[in-house]
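Presented below is the structure to which this report refers.
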RNA sequence: GCGAUCGUAGCUCAGUUGGUUAGAGCGCCGGUUUGUGGUACCGGAGGUCGGGGGUUCGAGACCCCUCGAUCGCCCCA
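In the UniProt record's numbering, the protein residues as written are 1 to 412.
Spelled out as structure tokens, the structure:
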């Protein structure tokens, strides 16, 4: 390997071949399904003022201080490569007057950037598909969004993945629950893992999904959000679950599923591989395939009017890992030049084939003797070979009987 | 930021307790089978064994450092 060649940045990847096909399949399927649900396509810049993300996400977290790609541009503004879609979409919604379209169903996909240690299914530049419904306070919006996610996963052929669903309640429910958790875990602080003792200060909800056994023993008896839900919050959650049942979406209550950021309200969800499933095995520790929730508090943190919204995102790389290997498509036709004197005829034929909608490639390099062999070996559906025999131009078509007349006609 | 495992041809890997000019398969290039064909055979190109230092008469193998990859922890918007 050339030692003088610059290496790719850590955590970035070059996707090629069957993996690139799987990646494209995920995106194409998403585009198709989002049309079925009438989500409108949007494109946002990959970078924004740092403020967009720091205000949306909350200044204090590690996330902002350590895990964003931020830099100063020549004008001295702090800019950041987008680490998520939601904040940028919210900014676009507010700055472009998209309120007029509310409730607005939006879909997008593209690269995101997070300064993290790469591991299985986690990269510094990664890609997500994303769907949001902005300006809809009704639980039906949550149902709609989840039904789309469910159908998408089915159409991708991904099995053994279940929707885990929870509610964080409204702002009051959430705050009371949080206080109860702090009190409860504070009481057993000395027996918690070191990490969770820190979490008690920074992010107490996260103790609930700690991987440490020392913490897990206390989780079962921890205060439940259900005991803190207001009637309104409870009613909202009931509407979501009954809507999912009506839509035929299979789900499972996950009381420990939480969101750290304050702007999340009500519904929180993740599609997670079932324990012991092939999907769980494939994804390793990064198990969540698709996740999201309701973020009714976000628009205000960006200086906008209170605007209810709900959305989800899913990592394309992770989905691609779960999609069946599709290989790369074989050529409809390979055109072989067995005598270089026929090059022009071959190029002309190639144009006609492609113009008629057939995928075609030209084999005209290397040993003339081996070109046909290579064409056969490529697995192409048909082969058209141009040669010169006894001073006369000839061609030969190797194809199914059904294809041969069409090719003959086209080459005439 | 922390930890574990791993870096030998384009790819997948061998390389015995440290011992001559570092190997195989696949792929690539060329040539035979005077050719209608995914075959077989022959030949060829391609490696400062990730990099640096050390131990030794001698290091791809052992030690240290460094870089990178993979997986996990933290974090997860």
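Even for Gly, the Cβ is constructed at its ideal location relative to N, Cα and C.
Kindly list the residues whose CB is nearer than 7 Å to the CB of residue i, restricted to its own chain and excluding five residues on each side of it in sequence; keep chain order.
i	result
residue 198	none
residue 149	271, 290 and 312
residue 356	410
residue 354	360
residue 287	272, 273 and 280
residue 81	46, 47, 69 and 113
Look up residue i in the DSSP assignment and give the residues it is bridged to.
i	result
residue 338	Per DSSP, none; premise fails for residue 338.
residue 126	112
residue 48	80
residue 273	161
residue 253	165
Return yes when the C-beta of residue i is under 8 Å from any heavy atom of the ligand ATP, and no when it is not.
i	result
residue 357	The ligand ATP is not part of the structure shown, which contains no ligands of any sort.
By Cβ distance below 8 Å, which residues in the same chain neighbour residue i in space, the five residues on each side in sequence not counted?
i	result
residue 160	273, 274, 277, 278, 279 and 280
residue 24	none
residue 182	200 and 204
residue 330	378, 379, 380 and 381
residue 155	29, 32 and 33
Tell me which same chain residues have a C-beta within less than 6 Å of the C-beta of residue i, skipping the five on either side of it?
i	result
residue 64	54 and 57
residue 173	228, 229, 230 and 233
residue 180	223
residue 395	386
residue 6	none
residue 125	12, 111 and 113
residue 369	none
residue 337	343, 346, 364 and 386
Buried or exposed for residue i, please, with buried defined as at least 16 other CB atoms from any protein chain shown within 10 angstroms of its CB.
i	result
residue 382	buried
residue 128	buried
residue 388	exposed
residue 112	buried
residue 142	buried
residue 407	buried
residue 209	exposed
residue 170	buried
residue 296	buried
residue 321	buried
residue 317	buried
residue 428	Residue 428 cannot be examined here, being either before or after the span of the chain that is shown, 1 to 412.
Taking just the CA atoms, how far does residue j sit from residue i?
i	j	result
residue 308	residue 410	58 Å
residue 339	residue 347	13 Å
residue 84	residue 305	21 Å
residue 384	residue 404	10 Å
residue 219	residue 37	38 Å
residue 47	residue 215	38 Å
residue 377	residue 349	21 Å
residue 1	residue 264	In this predicted model, residue 1 has a pLDDT of only 49, less than 50, meaning its place in the structure is not dependable; the value taken from the coordinates is given anyway. Going from the Cα of residue 1 to the Cα of residue 264 covers about 49 Å.
residue 352	residue 375	19 Å
residue 114	residue 328	30 Å
residue 292	residue 269	6 Å
residue 314	residue 192	32 Å
residue 26	residue 235	35 Å
residue 49	residue 372	57 Å
residue 95	residue 68	23 Å
residue 226	residue 248	24 Å
residue 366	residue 32	42 Å
residue 121	residue 110	16 Å
residue 52	residue 221	38 Å
residue 139	residue 45	30 Å
residue 282	residue 323	11 Å
Query raised in the report: Three or more beta-carbon pairs under 8 Å between the stretch 96 to 108 and the stretch 120 to 137, yes or no?
Result: yes
Query - the stretch 244 to 264 contacting the stretch 202 to 209, beta-carbon criterion three pairs below 8 Å - result: yes
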